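A.B. asks: Quick note on numbering: the sequence shown equals residues 482 to 564 in the working numbering.
Think of the CB as a built atom: it goes at the ideal place given N, C-alpha and C, for glycine as much as any other residue.
Please read all numbers here as calculations on a predicted model, not as lab measurements.
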Amino acid sequence: MSKAHRGTGIRKEPNHGRGTCAICGSQQIKTLYEQEVEGKKVKICKFCKANLKNKARAEAKIAKAAAPKAEAAPAEEAPAQAE
482 MSKAHRGTGI RKEPNHGRGT CAICGSQQIK TLYEQEVEGK KVKICKFCKA NLKNKARAEA
542 KIAKAAAPKA EAAPAEEAPA QAE
C-alpha cells in the first residue's frame with residue numbers, strides 16, 4: 482500500500498518546512514519544531530531539538546542525584562533536636 486498522506490503537513494508550510502535553524506544555523510534543513518529559546522518561539526531542526534532534550538535530561542539526573550543527599554542531612558538532625 483502506498484503512503485499517500487505522508488508529509489502532507491509539511492507541504493502546507495512555506496518552502497515545505499525548510500529554512501535556517503535558529504540554534505545551529507544550518508540552512509535548507511527541515512525546521513519543524515517550535516522551541517522557546519531566550520524568551521522567543523523559534524523553529525529549530527530535529528538535531529537541535531534532541532540536543533536540548535538530552536541536556537535537560539542530564540541536568541535533571543544531576544539535580545535528582547544531589548537532592549537526596551541534601552535531604553538526608555536535615556533528617557538525621559531532626560531526631561537529635563526532639564530529644
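Under 8 Å by Cβ, that's how I've got residue 512 and residue 493 pegged, so tell me the actual separation to the nearest angstrom.
C.D. replies: Wrong, their Cβ atoms sit about 14 Å apart, outside the cutoff.
A.B. asks: Measuring alpha carbon to alpha carbon, tell me which of 535, 482 and 490 ends up nearest residue 498.
C.D. replies: Residue 498 has its Cα closest to that of 490, out of 535, 482 and 490.
A.B. asks: Taking buried to mean at least 16 other C-beta atoms within 10 Å of its own C-beta, is residue 520 buried or exposed?
C.D. replies: So residue 520 counts as exposed.
A.B. asks: Compare the beta carbon distance of residue 516 and residue 530 with 8 Å and say whether it is the shorter of the two.
C.D. replies: For residue 516 and residue 530, yes; Cβs fall inside 8 Å.
A.B. asks: Does the Cβ of residue 488 have 16 or more other Cβ atoms within 10 Å, making it buried, or fewer, making it exposed?
C.D. replies: Exposed: under 16 other Cβ atoms inside 10 Å.
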